[in-house]
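Position one of the sequence shown corresponds to residue 58 (the numbering used here), numbered consecutively onward.
Cβ coordinates follow ideal geometry from the N, Cα and C atoms, glycine included.
Below you'll find the structure, written out as structure tokens, and then a few comments.
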Amino acid sequence: MTQLDSAGNAIHVFLWLPDNWNGRFQGVGGAGFLCGPLYAELANGVVAGYATAATDCGSEDPTGSFALNKDGTLNTALIDDFAYTGIHDMTVDGKALTEDYYGSGPRYAYFNGCSTGGREGLMEAQRFPTDYDGIVSAAPAINWTKFIPAEIWPELVMLQSNDFLPSCKEAAFTDAVTVACGGVDGVIQDPGSCHWNPYDLVGTVTPCGTITATDAAVVEKIWDGPRSTSGQRLWYGLEPGASFAGLAGTSTSSNGTTTGVPFPIAVAWLGTWVQQNPNWDWHTLTYAEFDQLFQRSQDEFSSTIATDNPDLSQFRDHGGKIVIWHGLADQLIFPQGTINYYQRVQAAMGGPERTDSFARLFLAPGAQHCASAAGPAPGTPYAYPAVAMPLQNVVNWVEHGQAPDSILAVKIDPQTNIVTESRILCPYPETARYDGYGNPNLATSYRCSGRLGSGGWGDSGYIRDQAKR
């Protein structure tokens, strides 16, 4: 179906309808600058019996260039479509068409997404609280106007240090911190309690050179996260153990020269969106300019796309339920930002117990962005959907009052599609602990009996201070 937005842009809505409808509607989201559609999500929804909808929000350009008109000004209509109106309109129209087709409307409506899709789910809860009864928000791209600028920080650190680390040096730091802070399964369960010093690796010989003190300083600043020129912390850094490849990417030529390969979304955001300059050269970026752009990002776009409002009272009062999960080794979206948001939701909603009655956060040690890595991950609409789907946890919560005390995470052999490892994920701030005698590769050998370390990890205090600037 094609509809027109307020400026006459064509918005395409995709609605897939199963023969054996289960009476439920499912909205699915996108990734990066794509509002959707991800066809695997549509297919998985239909196979499970859902009337399933997605939308392109007026653009299928993954570069984000839709933010500018031909004259270089901001295309506010398409920006709004991507930020919030497109998914809402898709939901309203999708439900209506579902009713027209089947002769009755959906009994329940659910939203399911990861990354941008995760942000879209929480956007619905914040802006359109009656659209959905239940939401799965995985690795949500919330706090957009802060975390996207922060994604270029690792490249800026290497640029200003004149030290772009070759991939094998980056791997050496990742391997060393995992050995120092990981458990018997090689997974860092609690990155907030990991205090390994990257300078311990200085002098280590790797295939791409000896680790230097400058290398260690670069890694230390990347893990620490972005700071202003006055030393004020702006946002979070990569977790120890997360791959550097996503945000600290480099390329080494045949002559041994290593250059930076920044995450394209971060470059497009700061260039095309914030500065309205699609030809911006990130190599000219300084710490002082980063400080300014970080603030401009918030000043100009927070009201549109930040998606960080902790007041979910209308969604709660509607009877809505939310499961949020995030991998603690996410190489693209900083999990501390999700923890920070959830802490602020707890504060706004009357404390942990009241928040747990409708919204729960689950953290996946060792899981990367929307998928398993060293550690297992819950299923997403496009990764292991039939094995471990948090959506079913939300359905059980909404329709049967069964709040999830844990959710299942798995690792899959890509050749055989067989589960090779499973874990339970526990509601924040709990964490799973091995029972000491069962098979360590089975979820049944774990209990929610531990708690994540404190010490300010994920603390929302300095982020509140940022809002006062």
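Residue i versus residue j - alpha carbon distance
i	j	result
K278	Q459	43 Å
S172	K127	29 Å
H145	A228	42 Å
P223	A500	37 Å
N336	F123	15 Å
F415	R373	6 Å
T307	Y107	42 Å
A302	A386	12 Å
G260	R353	41 Å
F185	E177	11 Å
Y159	T130	44 Å
W454	I379	9 Å
Close Cβ partners of residue i (< 7 Å) along its chain, the five nearest in sequence each way excluded
i	result
L99	F71, W73, V85, T109 and A111
L350	P206, L327 and V331
T286	Y344, A345 and D348
S63	A134
N200	A363, D365, G394 and Y398
L276	Before going further, note that residue 276 is Val rather than Leu in the sequence given. Only F230 and P255 meet the Cβ criterion.
Residue i (DSSP reduced to helix, strand or coil)
i	result
F415	coil
K378	strand
Q60	strand
F71	strand
G317	strand
D188	coil
S300	coil
A195	strand
A345	helix
A434	strand
T133	helix
Boundaries of the alpha helix (DSSP H) in which residue i is found, first to last residue
i	result
S218	W210 to S218
K278	A270 to D281
R81	Segment R81 to V85 is the beta strand (DSSP E) holding R81; no alpha helix (DSSP H) there.
W454	P447 to H457
D232	S224 to C238
L99	Y96 to V104
Contact belief for residue i with residue j at Cβ below 8 Å, rounded distance in angstroms
i	j	result
P253	C238	This sequence places Trp at residue 253; Pro is not what is there. Between C238 and W253 the Cβ distance is about 6 Å, and since that is below 8 Å, they are a contact.
E478	G507	The pair is not a contact, with the Cβ atoms about 19 Å apart (cut-off 8 Å).
Q333	L125	6 Å
Span of the beta strand (DSSP E), counted from its first residue to its last, around residue i
i	result
E487	E487 to Y491
C505	Y503 to R508
I205	Unbroken run through I205 is the alpha helix (DSSP H), W201 to A207; no beta strand (DSSP E).
A110	A108 to T112
S161	From DSSP, S161 is part of no beta strand (DSSP E); its letter is neither H nor E.
R480	I475 to L482
N169	Y165 to C171
A466	I464 to D470
G306	G306 to T309
Close Cβ partners of residue i (< 8 Å) along its chain, the five nearest in sequence each way excluded
i	result
Y485	I396, Y399, R417, L418, F419, L420 and L509
L154	M58 and L72
L482	W382, F419, L420, A421, P435, S463, I464, L465, A466 and A489
Spatial neighbours of residue i in its chain, beta-carbon cut-off 6 Å, leaving aside the 5 residues before and after
i	result
E208	L304, F320 and A323
A166	F82, Y189 and D190
E212	G317 and P319
L61	none
I136	A124
Chain B within 7 Å of residue i, Cβ atoms only
i	result
R401	Of the protein chains in the structure, only one exists, and it is not chain B.
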